[in-house]
Amino acid sequence: AQKVTQAQTEISVVEKEDVTLDCVYETRDTTYYLFWYKQPPSGELVFLIRRNSFDEQNEISGRYSWNFQKSTSSFNFTITASQVVDSAVYFCALSGGDGNKLVFGAGTILRVKS
Amino acid sequence: GAVVSQHPSWVICKSGTSVKIECRSLDFQATTMFWYRQFPKQSLMLMATSNEGSKATYEQGVEKDKFLINHASLTLSTLTVTSAHPEDSSFYICSARRWDRDITEAFFGQGTRLTVV
Chain A
3 AQKVTQAQTE ISVVEKEDVT LDCVYETRDT TYYLFWYKQP PSGELVFLIR RNSFDEQNEI
63 SGRYSWNFQK STSSFNFTIT ASQVVDSAVY FCALSGGDGN KLVFGAGTIL RVKS
Chain B
126 GAVVSQHPSW VICKSGTSVK IECRSLDFQA TTMFWYRQFP KQSLMLMATS NEGSKATYEQ
186 GVEKDKFLIN HASLTLSTLT VTSAHPEDSS FYICSARRWD RDITEAFFGQ GTRLTVV
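One line per chain: the protein sequences are A and B, in this order.
Numbering-wise (the working numbering), the first sequence opens with residue 3 and increments by one.
Numbering-wise (the working numbering), the second sequence opens with residue 126 and increments by one.
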């Protein structure tokens with residue numbers, strides 16, 4: 003069975019601080035995909051990144067960066083110089099190699115205070 | 126990019142009535158769509174997989190007679206909450222998988238906030 007664990011229920015930071023959101027996953031598939039989504043108060047899911055299991059290269063996109071480590075089954079997400087607009091719920095998700103249904107973590111509420 | 130449109134964005138209905146939610150893939154054909162439910166301050170839970178031209182596959186614990194799914198075309202799946210009750214109040218969100226590319230990104234609709242009074 004697949005499982006995604008986001009141990010941090012809620013994180014509060016002050017603007018301009020860096021923050022890392024943790025994600026640990028479990029799967030028996032050798033091919034799988036990992037995702038991060040942002041859910042602002044409007045409810046819509048905003049796609050942030052997709053990573054397949056064969057690509058362990060870390061990725062940076064502006065203030066966002068992701069660290070994928072298969073050895074620890076982790077796919078952590080870091081926001082550098084956080085901003086108030088980053089306040090949202092962030093979900094880590096996992097799908098099998100066929101790209102079918104996503105299994106979501108419980109989500110981490112990020113509050114960035116000015 | 127690919128867009129999935131969900132309608133309505135929000136709906137309030139009386140207990141005992143039925144509500145239909147539509148999920149459309151606007152610029153690609155989706156043979157498979159997924160319906161999720163999210164209770165307040167909780168994660169998204171998969172309810173069912175909607176397959177074009179065949180019966181939906183429901184996750185354990187989801188009543189198929191209560192949550193009717195129809196995927197009659199390659200661009201439209203509908204979820205009907207029958208005889209809705211207050212405990213069905215939730216945020217329902219669909220997603221669609223694009224088949225003609227080698228990526229497996231799931232495109233999500235905007236979600237529907239259902240309130241049953």
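Even glycine gets a Cβ: it sits at the ideal position worked out from N, Cα and C.
#1: Could you run through the region 37 to 52 of chain A and flag, in chain order, every residue whose CB is less than 7 Å away from some CB of chain B?
#2: Does the distance from the CB of Ser215 of chain B to the CB of Phe159 of chain B come in under 9 Å?
#3: Since I believe Ser84 of chain A is in contact with Val114 of chain A (beta carbons under 8 Å), could you give me their beta-carbon distance rounded to a whole number of angstroms?
#4: For Lys40 of chain A, I'd like the list of residues in its chain whose CB is within less than 7 Å of its CB, leaving aside the five on either flank, ordered along the chain.
#5: Please state whether DSSP places Val242 of chain B in a helix, a strand or coil.
#6: Got a sec? Which residues, its chain only, sit under 7 Å from Ser116 of chain A by beta carbon, not counting five neighbours each side?
#7: Looking at C-alpha atoms only, which residue of B:Gly186, B:Ser198 and B:Ala209 is the closest neighbour of Glu177 of chain B?
#8: Quick one: is Arg223 of chain B buried, meaning 16 or more other Cβ sit within 10 Å of its Cβ, or exposed?
#9: Under 7 Å Cβ-Cβ, which residues of chain A neighbour Gln235 of chain B?
#10: Is Lys72 of chain A helix, strand or coil by DSSP?
#11: Quick check on Glu19 of chain A: does DSSP put it in helix, strand or coil?
#12: Starting from Val87 of chain A, trace the beta strand (DSSP E) both ways and give me its first and last residue.
#13: Beta-carbon of Phe70 of chain A versus every beta-carbon of chain B: anything under 9 Å?
#14: Which of the residues in the region 146 to 177 of chain B, read from start to end, lie with their CB under 9 Å from any CB of chain A?
#15: Measure from the C-beta of Val105 of chain A to each C-beta in chain B and report whether the shortest distance is under 9 Å.
#16: Write down every uninterrupted run of the alpha helix (DSSP H) in the region 192 to 225 of chain B whose length is 4 residues or greater and which is fully enclosed by it, in chain order.
#17: Cβ of Phe79 of chain A less than 9 Å from any chain B Cβ?
#18: Verify the CB distance criterion: does Ile218 of chain B have a CB-CB separation below 9 Å to chain A?
Let's see:
#1: Gly45, Glu46, Leu47, Phe49 and Arg52
#2: Within the second sequence, numbered from 1, the residue matching residue 215 of chain B stands at position 90. Within the second sequence, numbered from 1, the residue matching residue 159 of chain B stands at position 34. Not a contact, by the Cβ cut-off of 9 Å.
#3: Within the first sequence, numbered from 1, the residue matching residue 114 of chain A stands at position 112. Within the first sequence, numbered from 1, the residue matching residue 84 of chain A stands at position 82. Rounded, the Cβ-Cβ distance is 5 Å, consistent with contact.
#4: Position 38 of the first sequence, counted from the start, is the residue given in the question as residue 40 of chain A. Hits under 7 Å: Val48, Leu50, Ala90 and Tyr92.
#5: Taking the first residue of the second sequence as 1, we reach residue 242 of chain B at position 117. Note: Val242 of chain B maps to coil in three-state DSSP.
#6: Within the first sequence, residue 116 of chain A is the residue found at index 114, counting from 1. Once the five neighbours on either side are set aside, the close Cβ partners of Ser116 of chain A are Glu17 and Val86.
#7: Residue numbering aside, residue 177 of chain B sits at position 52 when the second sequence is read from its first letter. For Glu177 of chain B, the nearest C-alpha among the options comes from B:Ser198.
#8: One-based indexing of the second sequence puts residue 223 of chain B at position 98. With 16 or more Cβ atoms within 10 Å of its Cβ, Arg223 of chain B is classed as buried.
#9: Your numbering for residue 235 of chain B matches position 110 in the second sequence. Simply Glu46.
#10: Against the first sequence, residue 72 of chain A aligns to sequence position 70. Three-state DSSP puts Lys72 of chain A in a helix.
#11: In the first sequence, counting from the first residue as 1, residue 19 of chain A sits at position 17. Of the three classes helix, strand and coil, the one that applies to Glu19 of chain A here is coil, per DSSP.
#12: The residue you call residue 87 of chain A lines up with position 85 of the first sequence. Run containing Val87 of chain A: none; DSSP gives neither H nor E here.
#13: Taking the first sequence and counting its residues from 1, one reaches residue 70 of chain A at position 68. It does not; no Cβ of chain B falls within 9 Å.
#14: Thr157, Phe159, Tyr161, Gln163, Lys166, Gln167, Ser168, Leu169, Met170, Leu171 and Thr174
#15: Within the first sequence, residue 105 of chain A is the residue found at index 103, counting from 1. Chain B, which has a Cβ nearer than 9 Å to the Cβ of Val105 of chain A, makes this yes.
#16: none
#17: Here residue 79 of chain A is taken as the residue at index 77 of the first sequence, counted from 1. Phe79 of chain A does not count as touching chain B.
#18: The residue labelled residue 218 of chain B in the question sits at position 93 within the second sequence. It does: the Cβ of Ile218 of chain B has a partner Cβ on chain A nearer than 9 Å.
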